[in-house]
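Asker: Take this note's numbering: the last position of the sequence shown gets the number 438, and nothing is skipped along the way.
Using N, Cα and C, we set each Cβ at its ideal position, and we do this for glycine too.
Attaching a single structure in structure tokens format; questions to follow.
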Amino acid sequence: MSDLHLLKERIARRDYTVGVVGLGYVGLPLVLRFGEVGFQVLGFDVDPAKVKQLNDGVSYIEHVPPDRISKLIAARRFEATVDVERFAEADAVIICVPTPLTVHREPDLQYVERTVDAIAAVLRRGQLICLESTTYPGTTEEVVLPRLLTRGLRVGEDFFLAFSPEREDPGNEQYRTSTIPKVVGGVTPGCLDLACTLYAEAVDRVVPVSSTKVAEATKILENVYRAVNIALVNELKIAFEQMGIDVWDVIEAAKTKPFGFHAFYPGPGLGGHCIPIDPFYLTWKAREYGVATRFIELAGEINSRMPSHVVQKVMEALNARGKALKGSRVLVLGAAYKRDTDDPRESPGLEILEHLLAKEARADYSDPHIPRLPIGRRHKLDLASVPLTDDSLRGFDAAVLVTDHAAFPYELIHRSVPLIVDTRNAFRSRGLQGSHIVSA
Ligand SMILES: NC(=O)c1ccc[n+]([C@@H]2O[C@H](COP(=O)([O-])OP(=O)(O)OC[C@H]3O[C@@H](n4cnc5c(N)ncnc54)[C@H](O)[C@@H]3O)[C@@H](O)[C@H]2O)c1
């Protein structure tokens, strides 16, 4: 019997260990899912604090309930570790480490490279390596494969290599890891076969594609599609505003078209790990081929201007009430980039806070999901979330709604703050109107 056949049999029997590297928003739900469908799972992370928390049955991600972790620990099926030599114990190693941009907006693959080098050091026959981190087309074959080949093992025969883009949507109640279809591309047909067999045990639908490049490009298309369409509605919002037309009314009406239109909504700018970052991975790669990605650049330009547009709106609205931004107390509502999540990475809320502070406003923030701002890649704000009470709110001259968390007390805010700049149409959509609400 071939190696591949035996490996597939072991997957079916659950005589198979799945390792996941990078236990963040993507890796943690994934490792738990593999554990829950009966695999022995090993979680790897460089952060010893996270590893300790997990081994103690504690979750550091709000939408991952701790009992999912403790159940697997009690069943002796899950363990977290910082020890990269233990990659050797895993039959499959799935890589979910960060892929940020450098300060020059170029792909920063150092986390992927470091992980792959550590895997290569212990790579053994039969192992499946699968990259999930978002990256430019070509990474798996041009960056990952050569590093693994240094062991003298043959891909597709001795070991297997695939790419499967991560599609996690934190905060989305409708879809879970298991119900989001998984696109998979393999370096060889055997790699594709083994990777699809493994994922099919954990997700309802696997979508095999013809190459790792197609799988990598699929993720980039999905993210560029969002970035460009959000930029489009952001630009239209500003244009329509000048014409006295409310963009939210326009979108609601356009949405009634049953075909050919998908609604995107304007906002205070892009946030998160993906949409503001990943398209630039393609821009960088395209340069190698002498191709310009003008849509991506333009979308980036428009979206990155949104936070200053919002601050301009706050300034104008205060001015109309005879107040200067300088010295005014302004409350930013929402530090997470996305509603009902605790993820502040690249959040426009942080950028708006910085703009406000730079203009000498006395700015604060409130976010029920983020009690204190972590020090991020770009933002170093040492602030704690303001609790929302009638008293605390009455001390502010203005509030800017950046993230429309369901947990905000909208009626109380509406009642207590004299000026509300709403970037999400959150007040009007709840039937809260008034001349002190300004759309931005
Ligand atoms: N968060 C999302 O919604 C989302 C969605 C789609 C795609 N992605 C992609 O998935 C990848 C991971 O994103 P994330 O949001 O889970 O990031 P994250 O920051 O939440 O988690 C990454 C984890 O990797 C760990 N890590 C860093 N370097 C490591 C190394 N060398 N070895 C082991 N662990 C290491 C970090 O400590 C952290 O716990 C990125 O490529 C991202 O673009 C994320």
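Less than 7 Å between the C-beta atoms of residue 333 and residue 373, yes or no?
Answerer: Your numbering for residue 333 matches position 335 in the sequence shown. Your numbering for residue 373 matches position 375 in the sequence shown. Cβ distance not < 7 Å, so residue 333 and residue 373 don't count as in contact.
Asker: Suppose you measure from the CA of residue 266 to the CA of residue 347; what does that come to, to the nearest Å?
Answerer: Counted from its first residue, the sequence shown places residue 266 at position 268. Counted from its first residue, the sequence shown places residue 347 at position 349. Roughly 8 Å separates the two Cα atoms.
Asker: Take the Cβ of residue 287 as the centre, count every other Cβ of all protein chains shown within 10 Å, and call the residue buried at 16 or more, exposed below.
Answerer: Taking the first residue of the sequence shown as position 1, residue 287 is located at position 289. The residue in question, residue 287, is exposed, as its Cβ has fewer than 16 Cβ neighbours within 10 Å.
Asker: Tell me where the beta strand (DSSP E) around residue 419 begins and ends.
Answerer: By one-based count along the sequence shown, residue 419 stands at place 421. Taken as a continuous stretch (DSSP letters only), the beta strand (DSSP E) holding residue 419 covers 418 to 420.
Asker: Return the Cβ separation of residue 119 and residue 160 in integer angstroms, given the expectation that the two are a contact with Cβ distance under 8 Å.
Answerer: As a working note, residue 119 is residue 121 in the sequence shown. As a working note, residue 160 is residue 162 in the sequence shown. Between residue 160 and residue 119 the Cβ distance is about 20 Å, and since that is not below 8 Å, they are no contact.
Asker: Please state if the CB of residue 273 and the CB of residue 225 are separated by a distance shorter than 7 Å.
Answerer: Here residue 225 refers to the residue found at position 227 of the sequence shown. Here residue 273 refers to the residue found at position 275 of the sequence shown. Yes, the Cβ-Cβ distance between residue 225 and residue 273 is below 7 Å.
Asker: Would you mind giving the Cβ-Cβ distance between residue 396 and residue 415, rounded to the nearest angstrom? I have them listed as a contact below 8 Å.
Answerer: Within the sequence shown, the letter at position 398 stands for residue 396. Within the sequence shown, the letter at position 417 stands for residue 415. Going by Cβ atoms, the distance from residue 396 to residue 415 rounds to 7 Å, so yes, they are a contact pair.
Asker: Determine the burial state of residue 56: buried for a count of at least 16 other Cβ atoms within 10 Å of its Cβ, exposed for fewer.
Answerer: What you label residue 56 is simply residue 58 of the sequence shown in a count that begins at 1. Looking at its Cβ environment, which holds fewer than 16 other Cβ atoms inside 10 Å, residue 56 is exposed.
Asker: Give the straight-line distance between the Cα atoms of residue 236 and residue 381, rounded to the nearest whole angstrom.
Answerer: Taking the first residue of the sequence shown as 1, we reach residue 236 at position 238. Taking the first residue of the sequence shown as 1, we reach residue 381 at position 383. Cα-Cα distance, rounded: 31 Å.
Asker: Using only alpha-carbon positions, find the residue among 239, 12, 188 and 320 that is nearest to residue 0.
Answerer: In the sequence shown, the residue the question calls residue 0 occupies position 2. With distances taken between Cα atoms, residue 0 lies closest to 188.
Asker: Roughly how many whole angstroms lie between the Cα atoms of residue 325 and residue 394?
Answerer: As a first step, residue 325 is located in the sequence shown; it is residue number 327 there, counting from the start. As a first step, residue 394 is located in the sequence shown; it is residue number 396 there, counting from the start. The straight-line gap from Cα to Cα measures roughly 11 Å.
Asker: Could you check how far apart the C-beta atoms of residue 200 and residue 176 are, in whole angstroms? I think they sit under 8 Å.
Answerer: Numbered from its first residue, the sequence shown carries residue 200 at position 202. Numbered from its first residue, the sequence shown carries residue 176 at position 178. Indeed they touch by this definition, with Cβ atoms about 7 Å apart.
Asker: Out of curiosity, what's the CA-to-CA distance linking residue 185 and residue 54?
Answerer: Within the sequence shown, numbered from 1, the residue matching residue 185 stands at position 187. Within the sequence shown, numbered from 1, the residue matching residue 54 stands at position 56. About 38 Å.
Asker: Give the range of the beta strand (DSSP E) segment to which residue 128 is assigned.
Answerer: To locate residue 128, count along the sequence shown from 1; it is residue 130. Its beta strand (DSSP E) spans residues 126 to 129.
Asker: If we ignore side chains and look at the alpha-carbon of each, how far apart do residue 15 and residue 309 end up?
Answerer: Numbered from 1 along the sequence shown, position 17 holds the residue referred to as residue 15. Numbered from 1 along the sequence shown, position 311 holds the residue referred to as residue 309. Spanning the two alpha carbons is a distance of roughly 51 Å.
Asker: Within 10 angstroms of the Cβ of residue 259, are there 16 or more other Cβ atoms? Answer buried if so, exposed if not.
Answerer: Residue 259 sits at position 261 when you count from the first residue of the sequence shown. The residue in question, residue 259, is exposed, as its Cβ has fewer than 16 Cβ neighbours within 10 Å.
Asker: Identify which residue in 88, 84 and 182 has its Cα closest to the Cα of residue 129.
Answerer: The sequence position of residue 129 within the sequence shown is 131, counting from 1. Ranking 88, 84 and 182 by Cα distance to residue 129 puts 182 first.
Asker: Can you name the start and end residues of the alpha helix (DSSP H) that residue 27 belongs to?
Answerer: By one-based count along the sequence shown, residue 27 stands at place 29. Element bounds for residue 27: 25 to 34.
Asker: Please name the residue, chosen from 81, 311, 298 and 170, that lies closest to residue 404 on a Cα-to-Cα basis.
Answerer: As a working mapping, residue 404 is identified with position 406 in the sequence shown. Taking only the C-alpha atoms, the option nearest residue 404 is 170.
Asker: Taking the beta carbon of residue 408 as the centre, do at least 16 other beta carbons fall within 10 Å, making it buried, or is it exposed?
Answerer: For the purposes of this step, residue 408 is identified with residue 410 of the sequence shown, where counting begins at 1. Classification for residue 408: buried.
Asker: Does DSSP put residue 392 in a helix, a strand or coil?
Answerer: One-based indexing of the sequence shown puts residue 392 at position 394. It is helical.
Asker: Count the CB pairs spanning the segment 22 to 29 and the segment 56 to 71 that are closer than 8 Å, and state whether there are at least three.
Answerer: Touching, per the Cβ criterion.
Asker: List the residues that DSSP assigns as beta-bridge partners of residue 38.
Answerer: Against the sequence shown, residue 38 aligns to sequence position 40. 15, per the DSSP bridge assignment.
Asker: Hey, is residue 268 close to ligand 1, as in C-beta under 6 Å from one of its heavy atoms?
Answerer: For the purposes of this step, residue 268 is identified with residue 270 of the sequence shown, where counting begins at 1. Residue 268: no, Cβ never under 6 Å from ligand 1.
Asker: With 16 as the cutoff for other CB atoms within 10 Å, does residue 126 come out buried or exposed?
Answerer: As a working note, residue 126 is residue 128 in the sequence shown. The residue in question, residue 126, is buried, as its Cβ has 16 or more Cβ neighbours within 10 Å.
Asker: Is residue 280 near residue 301, with beta carbons less than 7 Å apart?
Answerer: Here residue 280 refers to the residue found at position 282 when the sequence shown is read from its first residue. Here residue 301 refers to the residue found at position 303 when the sequence shown is read from its first residue. Cβ atoms of residue 280 and residue 301: not closer than 7 Å.
Asker: Opposite residue 362 in the DSSP bridges: which residues?
Answerer: Position 364 of the sequence shown, counted from the start, is the residue given in the question as residue 362. Paired residue(s): 329.
Asker: Take the Cβ of residue 256 as the centre, count every other Cβ of all protein chains shown within 10 Å, and call the residue buried at 16 or more, exposed below.
Answerer: Looking up residue 256 in the sequence shown gives position 258. By the neighbour-count rule (16 or more Cβ atoms within 10 Å), residue 256 is not buried but exposed.
Asker: Return yes when at least one heavy atom of ligand 1 lies under 6 Å from the C-beta of residue 109, else no.
Answerer: As a position in the sequence shown, residue 109 is number 111, starting the count at 1. Result yes, Cβ under 6 Å from ligand 1.
Asker: What do you reckon, is the C-beta of residue 112 under 6 Å from a heavy atom of ligand 1?
Answerer: Position 114 of the sequence shown, counted from the first residue, corresponds to residue 112. Yes, since a heavy atom of ligand 1 falls inside the 6 Å radius drawn around the Cβ of residue 112.
Asker: Using a Cβ-Cβ cut-off of 7 Å (strictly less than) and excluding sequence neighbours within five positions of residue 319, which residues of its own chain qualify?
Answerer: For the purposes of this step, residue 319 is taken as residue 321 along the sequence shown, with counting starting at 1. The residues are 417.
Asker: Pull up the distance between the alpha-carbon of residue 297 and that of residue 148, whole angstroms please.
Answerer: Locating residue 297 in the sequence shown gives position 299, counting from the first residue. Locating residue 148 in the sequence shown gives position 150, counting from the first residue. Distance between the alpha carbons of residue 297 and residue 148: 40 Å.
Asker: Alpha carbon to alpha carbon, what distance is there between residue 342 and residue 45?
Answerer: Taking the sequence shown and counting its residues from 1, one reaches residue 45 at position 47. Taking the sequence shown and counting its residues from 1, one reaches residue 342 at position 344. Using only the alpha carbons, I get a separation of about 19 Å.
Asker: To which residues of the same chain is residue 154 closer than 7 Å at the C-beta, ignoring the five residues directly before and after it?
Answerer: Against the sequence shown, residue 154 aligns to sequence position 156. Within the same chain, residue 154 has close Cβ partners 185, 186, 188 and 189.
Asker: Is residue 99 helix, strand or coil when you go by DSSP?
Answerer: Looking up residue 99 in the sequence shown gives position 101. In this structure, residue 99 counts as strand in the three-state DSSP scheme.
Asker: Just to check, is the beta-carbon of residue 132 closer than 6 Å to a non-hydrogen atom of ligand 1?
Answerer: Numbered from 1 along the sequence shown, position 134 holds the residue referred to as residue 132. Yes - ligand 1 has a heavy atom lying nearer than 6 Å to the Cβ of residue 132.
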